[in-house]
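Report on one structure; see the data block that follows.
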Amino acid sequence: MKIYATDREGKEIEIEGREGWTIMEMLRDAGLPVAAECGGACACATCQVYVEDGWYEKLTPAADMEVDMLDMALAVQPNSRLSCQLVCSEELDGIKVTLAPE
Amino acid sequence: MSEPIQTDVVIIGAGPAGLFAVFELGLLDLKAHLIDILDRPGGQCTELYPEKPIYDIPALPVVTGQDLVDRLLEQIKPFKPTFHHGEQAAGLTKLPDGRWKLTTNSGKELIAPVIVIAAGAGSFVPKRPPIPGIEAYEGTSVHYAVRKMDAFAGKNVLIAGGGDSALDWTLNLAPIAKSLTLVHHRDGFRAQTHSVNQMRELVAAGKVNFHVASVKALHGQNGQLAAVTLAGHDKKEWQIDAEAFLPFFGLTIKLGPIAEFGIGLHENLIPVDTAKFESEQPGIFGIGDIITYPGKLKLILSSFHEAALMAQAAFHICRPGEKLRFQYTTSSSNLQKKLGVS
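Keeping their order, the protein sequence lines are chains A and B.
Heads up, the first sequence is in the numbering used here, so the first residue is 4 and it goes up one at a time.
Heads up, the second sequence is in the numbering used here, so the first residue is 10 and it goes up one at a time.
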């Protein structure tokens with residue numbers, strides 16, 4: 004599976020997805036500057052991504068904990084998600100995300 | 010200014026690494042002062058995940074972030090460390106006698122032969138919204154905390170955020186402000202329900218304006234804000250008067266002044282050796298998430314080991330010529346006396 008990630012300069016890179024990893028882990032593994040300060044505990048809101056329309060709807064909806072945590076994220080949009088809460092799977096093959104500003 | 014504080018070791022960062030360092034240093038009779046920008050000990054454990062379980066602390070099958078910190082505080086109690094909370098390590102200079110002088114952002118000075126940097130990923134600082142030119146207004150019109158409520162009396166105040174700080178200050182400032190506008194990205198809040206209800210009553214009574222929107226641009230001059238442009242999710246933009254803007258999005262971690270300490274940072278981490286955990290500057294040690302060495306793992310348990318070895322090396326700097334006696338807490342009455350158990 005593939006993930007397409009656009010960095011803060013607008014450059015898109017293709018990442019080979021790994022089943023069971025979170026998108027946050029994949030982005031960091033690819034060297035993208037995702038702070039993810041809490042290490043994936045849904046406790047810091049520093050791994051925010053914008054999910055491209057069409058893909059956003061396919062995701063498991065955000066749990067209350069993530070919705071709450073997004074209140075502490077900057078520049079939240081209707082298609083914002085915390086990438087530590089998105090787990091790679093075949094259904095997400097080709098998903099496109101953009102890193103939110105820091 | 011008060012006299013500089015003189016001690017054996019100054020630890021920058023009161024997270025789990027810094028706290029356990031107090032223990033290891035204490036067993037060797039070395040006194041420690043800790044500096045932390047937060048207002049309480051615990052670092053990321055208490056700031057980010059106080060209620061979340063940790064499963065990989067040896068001999069504690071499960072412990073929450075807060076509980077781990079509470080236990081560490083109990084463990085180091087016999088050594089009576091001094092905490093300097095709400096202070097950031099701002100500058101570090103070497104004195105002619107070889108000791109280090111650390112200056113905090115409030116001007117406090119601490120002198121010690123050994124400095125231990127246990128700063129994790131850096132200092133917790135307020136999250137700054139990505140609005141062009143916001144820096145120019147910080148301190149004059151843009152504030153990340155309220156120090157004096159009077160400063161907002163009679164002003165058009167804009168608050169952004171959906172947590173407790175945003176809601177609390179909306180409720181507190183609405184009665185004294187000329188106008189109060191709250192903006193948030195959704196019509197829902199993580200803040201306490203009763204605060205949200207009170208805010209909604211004020212909105213219904215016309216005393217607070219609430220918009221599902223974000224702040225797009227700031228307008229003013231010489232650091233004095235006059236108006237802001239808001240944008241809704243439908244991209245519609247409009248302008249409102251605002252002389253004060255309070256963004257409340259919690260804290261984030263920035264490396265901070267450590268970057269200027271001249272300790273050979275590599276990708277924002279301090280390279281250390283794995284025998285003493287000393288940086289390239291003699292007497293400046295590093296432990297925990299802030300350091301790098303071959304095989305480094307950012308785990309709390311690794312920082313405990315690092316603290317133990319650091320303390321051995323720190324002893325030789327603080328007590329030159331003295332013989333270090335290696336003892337076990339189980340059998341040494343000397344150590345047990347220090348721990349206050351015999």
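Glycine included, C-beta positions come from ideal geometry on N, C-alpha and C.
Can the beta-carbon of PRO141/B be found closer than 9 Å to that of ALA78/A?
-> For the purposes of this step, residue 141/B is identified with residue 132 of the second sequence, where counting begins at 1. For the purposes of this step, residue 78/A is identified with residue 75 of the first sequence, where counting begins at 1. Cβ atoms of PRO141/B and ALA78/A: not closer than 9 Å.
Terminal residues of the alpha helix (DSSP H) in which PRO25/B lies | Counting from one through the second sequence, the residue named residue 25/B turns up at place 16. 25–36 is the span of the alpha helix (DSSP H), which, as asked, contains PRO25/B.
Validate contact between the region 41–51 of chain B and the region 92–108 of chain B using beta carbons, cut 8 Å, 3 pairs = yes
Quick one: what's got a C-beta closer than 8 Å to SER351/B's C-beta in the same chain, skipping five residues either side?
-> To locate residue 351/B, count along the second sequence from 1; it is residue 342. Closer than 8 Å at Cβ, skipping near neighbours: SER342 and GLN345.
Start-to-end residues for the alpha helix (DSSP H) that takes in PHE161/B = Against the second sequence, residue 161/B aligns to sequence position 152. No alpha helix (DSSP H) contains PHE161/B, which DSSP labels as neither H nor E.
Quick one: Cα of GLY24/B to Cα of ALA154/B, how far?
-> Position 15 of the second sequence, counted from the first residue, corresponds to residue 24/B. Position 145 of the second sequence, counted from the first residue, corresponds to residue 154/B. So the alpha carbons of these two residues sit roughly 23 Å apart.
Below 9 Å between beta carbons: does that hold for LYS110/B and GLN290/B?
-> As a position in the second sequence, residue 110/B is number 101, starting the count at 1. As a position in the second sequence, residue 290/B is number 281, starting the count at 1. No, the Cβ-Cβ distance between LYS110/B and GLN290/B is not below 9 Å.
For THR49/A, go through chain B and note every residue whose CB falls closer than 7 Å to its CB, in chain order.
-> Locating residue 49/A in the first sequence gives position 46, where the first residue counts as 1. Residues of chain B passing the Cβ test: THR261.
Rank ILE262/B, THR55/B and GLY295/B by C-alpha distance to the C-alpha of ALA316/B and give the top, closest one.
-> The residue given as residue 316/B occupies position 307 in the second sequence. It is GLY295/B whose Cα lies nearest to the Cα of ALA316/B.
What is the DSSP secondary structure of LYS347/B, reduced to helix, strand or coil?
-> For this step, residue 347/B is matched to residue 338 along the second sequence. The answer is helix: DSSP assigns LYS347/B an H, G or I state.
In whole angstroms, what is the alpha-carbon distance linking PRO104/A and PRO135/B?
-> By one-based count along the first sequence, residue 104/A stands at place 101. By one-based count along the second sequence, residue 135/B stands at place 126. Cα to Cα, the separation comes out at about 15 Å.
Compare the C-beta of GLN80/A with all C-beta atoms of chain B and state if any pair is closer than 9 Å.
-> Looking up residue 80/A in the first sequence gives position 77. True, the Cβ-Cβ gap to chain B drops below 9 Å.
GLY273/B (DSSP reduced to helix, strand or coil) | Looking up residue 273/B in the second sequence gives position 264. Note: GLY273/B maps to coil in three-state DSSP.
9 Å Cβ cutoff met for THR55/B and GLY74/B | Taking the second sequence and counting its residues from 1, the one referred to as residue 55/B is at position 46. Taking the second sequence and counting its residues from 1, the one referred to as residue 74/B is at position 65. Yes, the pair counts as a contact, with Cβ atoms nearer than the cut-off.
List the residues of chain A that LYS136/B touches, going by C-beta distances under 7 Å, in chain order.
-> Stepping through the second sequence from its first residue, residue 136/B is reached at position 127. Per Cβ cutoff of 7 Å: LEU77.
Less than 9 Å separating the beta-carbons of ASN165/B and ALA240/B?
-> Taking the second sequence and counting its residues from 1, the one referred to as residue 165/B is at position 156. Taking the second sequence and counting its residues from 1, the one referred to as residue 240/B is at position 231. The answer is no: Cβ separation not under 9 Å.
The beta strand (DSSP E) enclosing ASP250/B, as first and last residue numbers | In the second sequence, counting from the first residue as 1, residue 250/B sits at position 241. Element bounds for ASP250/B: 246–250.
Report yes or no: is there a C-beta of chain B within less than 9 Å of the C-beta of ILE102/A?
-> Along the first sequence, read from residue 1 onward, the residue named residue 102/A stands at position 99. One point to set straight first is that residue 102/A is Leu, not Ile, in the sequence displayed. No, LEU102/A does not count as interfacial toward chain B.
In terms of residues, what are the limits of the alpha helix (DSSP H) holding LEU82/B?
-> As a position in the second sequence, residue 82/B is number 73, starting the count at 1. From DSSP, the alpha helix (DSSP H) with LEU82/B extends over 74–85.
Relative to the alpha-carbon of THR238/B, which residue among ALA222/B, GLN230/B and GLY232/B has its alpha-carbon at the smallest distance?
-> Taking the second sequence and counting its residues from 1, the one referred to as residue 238/B is at position 229. Considering only alpha carbons, the answer is ALA222/B.
Nearest-angstrom Cα distance between ALA128/B and LEU211/B?
-> For this step, residue 128/B is matched to residue 119 along the second sequence. For this step, residue 211/B is matched to residue 202 along the second sequence. Approximately 42 Å between the Cα atoms of the pair.
Per DSSP, which residues does GLY295/B bridge with? Please list them.
-> Start at 1 with the first residue of the second sequence, and residue 295/B comes out as number 286. Answer is ILE126/B, bridged to GLY295/B.
Would you say ILE14/B touches the ligand FMN, meaning its beta carbon is less than 8 Å from a heavy atom?
-> Absence of the ligand FMN from the depicted structure is noted, as is the absence of any ligand whatsoever, leaving it without description.
State the start and end residues of the unbroken alpha helix (DSSP H) segment that holds LEU318/B.
-> Position 309 of the second sequence holds residue 318/B. Here the alpha helix (DSSP H) through LEU318/B covers 309–327.
Between the Cα of PHE198/B and those of MET68/A, SER92/A and ASP96/A, spot the shortest distance and give me the residue it belongs to.
-> Within the second sequence, numbered from 1, the residue matching residue 198/B stands at position 189. It is MET68/A.
Check the Cβ-Cβ distances between LEU57/B and every residue of chain A, and say whether any is below 9 Å.
-> Translated into the one-based positions of the second sequence, residue 57/B becomes position 48. Cβ-Cβ to chain A under 9 Å: yes for LEU57/B.
Taking the alpha carbon of ARG195/B as the point to measure from, which residue in VAL217/B, ALA169/B, PRO184/B and LYS245/B has its own alpha carbon closest?
-> Stepping through the second sequence from its first residue, residue 195/B is reached at position 186. The shortest C-alpha separation from ARG195/B is found at ALA169/B.
Unbroken beta strand (DSSP E) run spanning SER188/B, endpoints = Residue mapping note: residue 188/B aligns to position 179 of the second sequence, counting from 1. Per DSSP, SER188/B belongs to the beta strand (DSSP E) from 188–193.
Which residues of chain A have a Cβ atom closer than 9 Å to the Cβ of HIS242/B, listed in chain order?
-> Sequence index remark: in the second sequence, residue 242/B carries index 233 (1-based). In chain order: GLN80 and PRO81.
How would you write the range of the alpha helix (DSSP H) that HIS203/B sits in, first residue to last?
-> As a working note, residue 203/B is residue 194 in the second sequence. Its alpha helix (DSSP H) spans residues 202–213.
Which of the three DSSP states, helix, strand or coil, is assigned to GLU17/A?
-> Here the question's residue 17/A lines up with position 14 in the first sequence. In the structure shown, GLU17/A sits in a strand (DSSP, three-state: E or B).
Alpha carbon to alpha carbon, how far is LYS187/B from ALA162/B? Give it in angstroms, no decimals.
-> In the second sequence, counting from the first residue as 1, residue 162/B sits at position 153. In the second sequence, counting from the first residue as 1, residue 187/B sits at position 178. C-alpha separation (whole angstroms): 7 Å.
By how many angstroms is the C-alpha of LYS285/B removed from the C-alpha of GLN321/B?
-> Within the second sequence, the letter at position 312 stands for residue 321/B. Within the second sequence, the letter at position 276 stands for residue 285/B. Rounded to whole angstroms, GLN321/B to LYS285/B spans 8 Å at the Cα level.
When DSSP labels each residue in this structure, what does ARG11/A get in the three-state scheme?
-> Taking the first sequence and counting its residues from 1, the one referred to as residue 11/A is at position 8. Note: ARG11/A maps to coil in three-state DSSP.
Whole angstroms is fine: what's the gap from LEU101/B's alpha carbon to THR112/B's?
-> Counting from one through the second sequence, the residue named residue 101/B turns up at place 92. Counting from one through the second sequence, the residue named residue 112/B turns up at place 103. If I take the Cα positions, the gap works out to 6 Å.
Along chain A, which residues have their Cβ under 7 Å away from the Cβ of HIS194/B?
-> Taking the first residue of the second sequence as 1, we reach residue 194/B at position 185. Residues of chain A passing the Cβ test: VAL79.
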